[in-house]
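Residue numbers (my numbering), protein chains in the order written: chain C, 1 to 385; chain S, 1001 to 1221.
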Amino acid sequence: MSVGFHELEEAPPPMTSRLEGELLEVSMGPQHPSTHGVFRMNVALEGEIVRKLKPVFGYLHRNHEKIGENTSYLGSMPYTDRLDYFCSMTNNWAYALSVEKLAGIEVPERAEYLRVILAELTRLQNHASLLGFLLSDMGAWGTPLMYAFREREKILDLFESLSGSRMMCDYMRFGGCRCDLPPGWMERARKLVDGFPRFLDEFEKLVVSNEILIARTQEVGKLSAELAINAGITGPMLRACGVNYDLRKVDGYGFYPRFKFRVPLGEHGDCYDRLMMRVLELRESVGILQQAMEQIPPGPIVNPKVKLRSFRPPVGEAYGRIEGPKGELGFYLISDGGSNPYRYRVRPPSFINLTILEDLCLGHTVADVMVILGSIDIVMGEVDR
Amino acid sequence: MESLEEIKARGEAAVPGAKITIVPNPGPANQPSLLLDHEHATAIARFLRNDVALRLDHCSNATGVDWLDRKVSKKVKVKKVVEGEEKEIEETHEEFFPGYLEAVYHLYSMTHKHGPVVIRMRTTDRGEAARLPSLTPIFRSAEFQEREIFDLYGIRFDGHPDLRRILMWDEFADFPMRKDYREPDDYEYEPTPHDDVLEKAKEHYSARPQLDGAENLTAQS
């Protein structure tokens, strides 16, 4: 016996294809090109507008800190390269600085100059490729990224001829650097640095006053200075809000007080300011590089008193930090007098800068989320550790 | 910046009842820290952040440390009367220090550009009572970092708005950064529906005729 629809007690309600007033939950990522790695966001949308956003990560988690605690002090040095794989030199420096604080090691003058030069070169290539990625997120596919990568490639070539590896440099050692510059390196670096403003001028002319770019970035993802300070935001993202806090000036590590440079500051704390902050910092970095290359003295590059084998710092703890390209990169170490650190902690800037992602994205459209995420500048190797 | 003794004195004056202990740091880094008690930790942290002279508004780093139970054996010479004669005898005394988990915060001032002031809190034990007050209401930057401490060390933060696992997956049960954490033999192992079936099926098999004891060994470990 078949049942006809007229026998139903009540007619089914009419189908509605619109989700009026309801939130639609969307999982963005983790395999999405604009999430900069394996990063996922659980987004609740009302139409196009983001009403809730919870970042989900940990896909690249390999418990870097535990591995660091089970390895000797020097054994962790190559592994720090893998944190923020764009900026291995600054990761090395932050770790070396913390261990030098922990063990009270002096660094020779030439090594400090080398560190400054390499850190600033790292900043050049990180900021340049960030600009490329950010524009790529906004829909300027390929071309700006290739322009940025052309410059990055030259810097990576320099790193390769110095350390033997393009990205995983493993160059710094406790109390100095691993090897001195090969012949002709400084001339090549000087040529690159002198030519860098040309790239910047070109890039700025092509991109920065572009109408579409301005429409996509200005007034998007505004961050107030109060929230930025309270949420521990550091690096260019903090300075875009107008807070003058650059560790190169504040802590004055590694001979930075010897160089003349300005700290660019933003005003509105929106995505445009964050983007411009990178452009302006690039110009200051070029200035620092030129001064450092002028001043670098000959001499030893490593403190001979530091033991390479059976390196055991005295009992104690130390927290060292530097101004990485992405923000404040810190290492917290506790020594119990053994050959391994008792506690080895990385303070990853992009992990903490993600804290306020939801605050920035609420009320904006899905397309803006990508721009905001791009302007934060995250690397998942560092976020997930 | 003021010395830690002055900060301690002013903090204890500002928050009545608070107990602050200075933990020395013997290393060359010279970064001693302030140990806060649970009850007044948030009040002290708020004082450190809001005080005009200190203004430690930037919580740079928050992390956990695991300290296991320790036994320190000391040799002490004791005078004892043995068989009517007074003798000096060496006795070993074992002193037991219970383990605890620790949360360490590094505070800096963006306003006055000084720091660090290191504050730390200790749990009473490493088991059920591994709880601490959360500093997230005061420093937003502790939000993800306290979640990470909870995830990897298992310290529960009272007052944290959203305490979930952050790096490990939600179903994960253990706390991998603890010093006594034992890695699983098989990372790839996932419980499947077949496990229950196999377990049930065991009831229907008769016991193996010859047991050499090896089964028991694998079952125990």
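Every residue, glycine too, gets a C-beta built ideally from N, C-alpha and C. All figures in this text were calculated on a predicted structure; none of them were measured in a lab.
Assuming S/V1076 contacts S/E1091 (C-beta within less than 8 Å), just tell me the rounded distance between them.
6 Å
Is there a Cβ of chain C sitting closer than 9 Å to that of S/A1013, yes or no?
no
Taking Cβ-Cβ distances below 7 Å as the criterion, which residues of the region 1066-1099 of chain S are in contact with chain C?
none
Spell out the partners DSSP gives S/W1067 in its beta bridges.
S/Y1100
Which residues in chain S have a C-beta closer than 8 Å to the C-beta of C/Y332? List them in chain order.
N1061, T1063, V1104, H1106
Test: C/W93 CB closer than 9 Å to a CB of chain S:
no
Under three-state DSSP, which class holds S/N1061?
strand
Give me the Cα-Cα distance between S/D1051 and S/V1117, rounded to the nearest whole angstrom.
13 Å
Would you report the Cα separation of C/V3 and S/V1197, rounded to the nearest angstrom?
With a pLDDT of 45 at C/V3, under the threshold of 50, the modelled position of this residue cannot be trusted, and the question is left open.
Check S/Q1031 in the structure and name its three-state DSSP category.
coil
Look up C/Y113 in the DSSP assignment and say whether it is helix, strand or coil.
helix
Could you tell me which chain S residues have their CB closer than 8 Å to the CB of C/P297, listed as they occur along the chain?
By Cβ distance, chain S contributes nothing, its closest Cβ being about 26 Å from C/P297, past 8 Å.
Check each residue of the region 1109-1122 of chain S: if its Cβ is closer than 7 Å to any Cβ of chain C, include it; give the result in chain order.
M1110, K1113, P1116
Spatial distance of S/R1055 from S/G1115 (CA atoms)
10 Å
The alpha helix (DSSP H) enclosing S/F1144, as first and last residue numbers
1142-1153
At the 9 Å Cβ level, is S/M1001 part of the contact set with chain C, yes or no?
no
Residue range of the unbroken alpha helix (DSSP H) whose run includes C/F203:
185-203
Interface residues of the region 1036-1062 of chain S facing chain C [CB-CB below 8 Å]:
D1057, H1058, C1059, S1060, N1061
Going along the chain, which residues of its own chain have a beta-carbon closer than 7 Å to the beta-carbon of C/L265, five neighbours each way excluded?
R239, G242, N244
Own chain partners of S/Q1220 with C-beta closer than 7 Å, once the 5 adjacent residues on each side are dropped
Because the pLDDT at S/Q1220 is just 49, under 50, the model does not fix this residue reliably, and the point stays unresolved.
Am I right that C/Y387 and C/F255 are in contact with their C-beta atoms under 8 Å? What's the rounded C-beta distance?
Residue 387 of chain C cannot be examined here, being either before or after the span of chain C that is shown, 1 to 385.
Measuring only the C-alpha atoms, how far is C/S209 from C/C271?
14 Å
How about C/I117 and C/L247: do their beta carbons lie closer than 9 Å?
no
Buried or exposed: where does C/Y319 fall if 16 or more other Cβ atoms within 10 Å of its Cβ makes it buried?
buried
Does the distance from the CB of S/H1058 to the CB of S/M1121 come in under 9 Å?
no
When burial is assigned at 16 or more other CB atoms within 10 Å of the CB, is C/Q31 buried or exposed?
exposed
So which residues of chain C does S/F1139 contact, with C-beta pairs closer than 9 Å?
N230, A231, G232
Give the residues from the region 1015-1029 of chain S that approach chain C closer than 7 Å (Cβ to any Cβ), ordered along the chain.
N1025, P1026, G1027, P1028, A1029
Three-state class that DSSP yields for C/N42 in the structure shown
strand
Chain S beta carbons: is any one of them nearer than 9 Å to that of C/T387?
In this structure chain C extends from 1 to 385, so residue 387 of chain C is not present and cannot be described.
Min CB distance C/A103 to chain S below 9 Å:
yes
9 Å is my cut-off, CB to CB: does C/V43 come that close to chain S?
no
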